Amino acid sequence: MKRHRISIFLAKKVVDAVITIFLVMSILFLLLNSIPGGDMVTRSCPFCGAETKAQLRELWGLDKPLYQQYLVYMKKVFTLDYRITHNQTITSMDELLYYLPYTLLLFGTAAILSYVIGVFLGIRLLSWGGNRLRTAISGISIVFYAIPAFVFALSFKNWFVFGYHIFPPVNVRLEGPAAVFESSILSEHLANMWALLPAMALPLIILVLVGLARPLLLLKDHMTLLLDEPFVLTATAKGLARTTVLSKHVARSALLPLMSDASINLAYIISGGILIEYIFDWPGIGTELFAALRMLYYPTISAAIFLLTVILLVSMICVDVLNAYLDPRVSL
Amino acid sequence: MIPHGGSEERCTLCSEKMKDRTDSLYCGYCHAVFHRSCIIEHFYYNRFCPACKKKLSFIDMRYGSPPKPRLEKPLRDVQYELVNPEEYIPRRVRKPQWPVREEVPLFRITPGRAAYGYKPRRGILTRVHGFVFAKPEETTGILGRFRHNRKGMAGVYMLLAAVFVAILAPSLILYDPVSYMVEDETYISHPPTWQYPMGTDVFGRDIYSQTIWGFRSALTIALPSAFLIGVIGTVVGLVSGYYSGSVDAVLQRVSLTFLVWPSVPFVALIVFSWGGSMANFAVILGVAFTLWPTSARAIRAEVKSLKSRLFIESAKVSGASSRRVIFRHILPNVVHITFLYITIAVASALALEATFNFLGLSSPAVITWGQMLSFTYHAASARFGVGGGMAWWTIVPPALAIAGTVLSFFLISTGLRESMRVSSVKF
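In order, the protein sequences belong to chains A and B. Mapping the first sequence onto the numbering used here, position 33 (from 1) lands on 765, and the numbers just tick up by one. Mapping the second sequence onto the numbering used here, position 51 (from 1) lands on 366, and the numbers just tick up by one.
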């Protein structure tokens, strides 16, 4: 019965996600169209001849009325077709897909680590520590939550990478995608990742520190709310120690709202994380996106926004399924 | 033991009556009463109590008259208490407690960080914590409890300081933050001196003046965008929580869309497309667009729980239109959540504004903290390699200013959240 329900739940979520991607890309179309200074073709090759421009405009449907331009754009988005000329072999989507594993490596590790550490550390410290420790935890996490991540990234990079040489900088030059599919691509990715691991330490530390704050604060908040509940009184009346009551009874029930909040936190981690990628020169989607934003290269911008949205929606669906699995109150 | 003389106490040494209460001392062991002058004279020569001959000194004597003895009455003599409530004599002699528990003191005097109901240690100097008008636990209303919240009030004071600095900025700065550049080349990118209290940046501009001026631009961006966030979030949350069904579904999708849009590129594209002359407005709009979904979701959840309450039902039954129900009956009950999310939104808006100022998306003629960081970052990148070799005095003041301002709003929001719920347990 439950498996049957899960498939319906998943189908609903996927339809939701597709609608959301559609809306996101529509807004992107609106924004890109309202940027002054000519259309995409004028921006990408301003000194091309009239014939070339006409060909490009035909490919992207830019010579048609606006609603048809929109339809062509949407078709291109959903068919993953980001060619700028007919005979282009490596499109922006290929390039971004090549960098996708590195982004996933950084963000995935950061998200999982910050939640695992946040939950375990939070339960330990909040239930076994004293009052003073609790205040210190909430104070530190408020500070980390309040200060924008890029300030940390900037100063940490300045002092720990350049000043004292504690962490190595990213010194791996990736080759980029090949025109023809090669079977050695996986081993190439693995070798690159292995070479990038030492440089991943500092951005990972910053992302984890920033991502840790929200679970810790929320855990403390929900634990405070739950302390008034009757089941705490029952547990205390049974003669359990205060630490046992806190860690085994209160903290565990406070974890559930933490899970449902994770999907929003993921959005913050990713939108803060792409800037950290840019600052640390991490070969990922964020760096590519900012490089493209700088010169307004539309195909890469669209592809990057599309990919980031997909990543976020997929991880949100994962979190929702996990939440439904863990929380008996959530009906599928 | 020396018998008590009732109300007419006499000095054990000179057998004279006591004049007043301050004049008398008594022995803590035998409860014999003495004149102050008599007992001082006695202890000048001796080291024992004149009545019970116990080895004592003057400091063991107690002031006042001895406690009245317990009358030999049977236990649970309810009759006695009921008949003569005026002459009720306590069974046990209790140690006097100060301040009296039933009264609210003018000052809260605590040893260290103890809670309100405490037992002061004798003779230890205690701290005075300002005026106390009522017990914080019994204070009614969110604002009343907020007044006693340390975090929240700290945030308010920090915010007030920031606003004062922003208002007084023209008289606080030492040099023009935008156009002034040092003429002496040795003072370009110079560490703090008396002449330039926070040093100078790569162009030779005074960092202190820039930091002070940054308060203005930060607050003028953050406050309007937070207001917009509050308005959009509240309206969308109210509508989508009240009308479940298709309206709710559409609004939920829209809010999910804005939630998953990566915020920095979104604001960047808005600034690119509507930037130029109204760059500031574009920034405000962009920040508001990216941050409203969280507040809308929270308000929607609250409205959903309010919708099934009786007063909404009665309003509907009495013929109120749904617009009236939403704005007259539900809105006042969720407005505190709006304020909470506005304060959180200001913090996020400040951080976001700093972020894309760092990316160089706003006018270089407007000094902001993010822009200061951007200048030092890119100048150092050009000179020493990407992101390296930045001078500490170019990073620390703007970073601290961002941190402080964001933190003030965040503390206010924490205080508000803590004072919104009435919890008997301190954690």
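We put the CB at the ideal spot given by N, CA and C, even for glycine. It should be emphasised that the depicted structure is a prediction, and the values quoted were computed from it without experimental measurement.
Listed by chain order, chain A residues near residue i by CB distance under 7 Å
{"i": "Tyr692 of chain B", "result": "Leu886"}
{"i": "Phe673 of chain B", "result": "Phe882"}
Residue closest to residue i, alpha-carbon to alpha-carbon, out of the options
{"i": "Ala597 of chain B", "options": "B:Gly456, B:Glu500 and B:Asn672", "result": "B:Asn672"}
{"i": "Trp607 of chain B", "options": "B:Trp576, B:Leu371 and B:Ala694", "result": "B:Trp576"}
{"i": "Asp338 of chain B", "options": "B:His346, B:Ser380, B:Ser677 and B:Phe363", "result": "B:Ser380"}
{"i": "Gln525 of chain B", "options": "B:Ile717, B:Gly470 and B:Thr501", "result": "B:Ile717"}
{"i": "Ser824 of chain A", "options": "A:Ala945, A:Met932, A:Gly1005 and A:Gly908", "result": "A:Gly908"}
{"i": "Phe876 of chain A", "options": "A:Thr841, A:Glu920, A:Phe892 and A:Leu949", "result": "A:Leu949"}
{"i": "Val746 of chain A", "options": "A:Ile849, A:Leu1058 and A:Asp1052", "result": "A:Asp1052"}
{"i": "Phe892 of chain A", "options": "A:Trp926, A:Ala1035 and A:Ile938", "result": "A:Ile938"}
{"i": "Val964 of chain A", "options": "A:Arg984, A:Ile1043, A:Lys807 and A:Ile1006", "result": "A:Arg984"}
{"i": "Ile374 of chain B", "options": "B:Leu340, B:Val348 and B:Lys383", "result": "B:Leu340"}
{"i": "Leu487 of chain B", "options": "B:Ala669, B:Phe479 and B:Val493", "result": "B:Phe479"}
{"i": "Arg612 of chain B", "options": "B:Gly685, B:Ala669 and B:Leu553", "result": "B:Leu553"}
{"i": "Lys889 of chain A", "options": "B:Ser728, B:Thr653, B:Ser372 and B:Trp707", "result": "B:Trp707"}
{"i": "Gly895 of chain A", "options": "B:Ser728, B:Glu628 and B:Gly704", "result": "B:Gly704"}
{"i": "Ala695 of chain B", "options": "B:Asp516, B:Ser561, B:Leu655 and B:Lys619", "result": "B:Asp516"}
{"i": "Phe810 of chain A", "options": "A:Asn819, A:Phe754, A:Ala842 and A:Leu928", "result": "A:Phe754"}
Closer than 8 Å to chain B by CB, residue i
{"i": "Pro697 of chain A", "result": "Residue 697 of chain A is absent from the structure shown; chain A starts at 733 and stops at 1064."}
{"i": "Ile1002 of chain A", "result": "yes"}
{"i": "Tyr877 of chain A", "result": "yes"}
{"i": "Thr835 of chain A", "result": "no"}
{"i": "Asn819 of chain A", "result": "no"}
{"i": "Leu702 of chain A", "result": "The displayed coordinates of chain A run from 733 to 1064. Any statement about residue 702 of chain A would go beyond what the structure contains."}
Residue range of the beta strand (DSSP E) that includes residue i
{"i": "Arg377 of chain B", "result": "Met376 to Tyr378"}
{"i": "Val348 of chain B", "result": "Val348 to His350"}
{"i": "Ser339 of chain B", "result": "Ser339 to Cys342"}
Host alpha helix (DSSP H) of residue i (start-end)
{"i": "His644 of chain B", "result": "Looking at the DSSP string, His644 of chain B is not in any alpha helix (DSSP H), and its letter there is neither H nor E."}
{"i": "Ser1034 of chain A", "result": "Tyr1030 to Leu1058"}
{"i": "Leu835 of chain A", "result": "Correcting the residue type first, residue 835 of chain A is Thr in the shown sequence and not Leu. Residues Ser824 to Trp860."}
{"i": "Pro947 of chain A", "result": "Ile917 to Leu958"}
{"i": "Val569 of chain B", "result": "Ser561 to Val575"}
{"i": "Glu1009 of chain A", "result": "Ala983 to Phe1012"}
{"i": "Ile599 of chain B", "result": "Ala594 to Lys622"}
{"i": "Ala878 of chain A", "result": "Asn863 to Ala878"}
Straight-line Cα distance separating residue j from residue i
{"i": "Leu988 of chain A", "j": "Val982 of chain A", "result": "11 Å"}
{"i": "Glu630 of chain B", "j": "Lys622 of chain B", "result": "Per the sequence presented here, residue 630 of chain B reads as Ala, with Glu not at that position. Each residue's alpha carbon lies about 11 Å from the other."}
{"i": "Gly445 of chain B", "j": "Ala469 of chain B", "result": "Summary for Gly445 of chain B: the model assigns pLDDT 46, below 50, so the residue's position carries little reliability, and this model does not support an answer."}
{"i": "Asn903 of chain A", "j": "Pro930 of chain A", "result": "10 Å"}
{"i": "Gln567 of chain B", "j": "Leu475 of chain B", "result": "37 Å"}
{"i": "Glu961 of chain A", "j": "Val940 of chain A", "result": "32 Å"}
{"i": "Glu1020 of chain A", "j": "Ser578 of chain B", "result": "16 Å"}
{"i": "Phe882 of chain A", "j": "Pro900 of chain A", "result": "18 Å"}
{"i": "Ala429 of chain B", "j": "Asn863 of chain A", "result": "Bear in mind that a pLDDT of 48 at Ala429 of chain B, under 50, signals an unreliable position, so the number given afterwards is only what the model happens to contain. Near 12 Å, if we compare the C-alpha coordinates of Asn863 of chain A and Ala429 of chain B."}
{"i": "Trp589 of chain B", "j": "Ile767 of chain A", "result": "7 Å"}
{"i": "Val582 of chain B", "j": "Thr572 of chain B", "result": "15 Å"}
{"i": "Ile751 of chain A", "j": "Val493 of chain B", "result": "47 Å"}
{"i": "Ile759 of chain A", "j": "Leu600 of chain B", "result": "14 Å"}
{"i": "Ile849 of chain A", "j": "Gly943 of chain A", "result": "10 Å"}
{"i": "Thr821 of chain A", "j": "Thr709 of chain B", "result": "45 Å"}
Amino acids of chain B, ordered along the chain, whose beta-carbon sits closer than 8 Å to that of residue i
{"i": "Phe894 of chain A", "result": "Phe699, Gly700, Gly702, Gly703 and Gly704"}
{"i": "Ser1034 of chain A", "result": "Simply none; closest approach about 11 Å."}
{"i": "Ser766 of chain A", "result": "Ser588 and Trp589"}
{"i": "Leu1045 of chain A", "result": "Val575"}
Minimum Cβ-Cβ distance from residue i to chain A less than 8 Å
{"i": "Phe596 of chain B", "result": "no"}
{"i": "Tyr431 of chain B", "result": "Its pLDDT being 48, under 50, Tyr431 of chain B is placed unreliably in this model, and the coordinates cannot settle the point."}
{"i": "Ala660 of chain B", "result": "no"}
{"i": "Arg736 of chain B", "result": "yes"}
{"i": "Ile710 of chain B", "result": "yes"}
{"i": "Ser578 of chain B", "result": "yes"}
{"i": "Leu475 of chain B", "result": "no"}
Interface residues of chain B facing residue i [CB-CB closer than 7 Å]
{"i": "Ala999 of chain A", "result": "Leu574 and Val575"}
{"i": "Thr1041 of chain A", "result": "Val575"}
{"i": "Ser776 of chain A", "result": "Those within 7 Å of Ser776 of chain A in chain B number zero; the least Cβ separation is about 15 Å."}
{"i": "Leu1021 of chain A", "result": "Pro580"}
Residue i: contacting residues in chain A (beta-carbon distance under 8 Å)
{"i": "Ile585 of chain B", "result": "Leu763"}
{"i": "Arg568 of chain B", "result": "Asp748, Ile751, Thr752 and Leu755"}
{"i": "Phe725 of chain B", "result": "Ile874, Tyr877 and Ala878"}
Contacts that residue i makes with chain B (C-beta to C-beta distance below 9 Å)
{"i": "Ile1006 of chain A", "result": "Pro577, Val579 and Pro580"}
Residue i Cβ short of 7 Å to the ligand ZN heavy atom set
{"i": "Cys329 of chain B", "result": "Of the ligands one can find in the structure shown there are none, so the ligand ZN has no counterpart to examine."}
Within chain A, the residues that residue i reaches when beta carbons sit closer than 9 Å
{"i": "Ile599 of chain B", "result": "None at all; the shortest Cβ gap to chain A is about 16 Å."}
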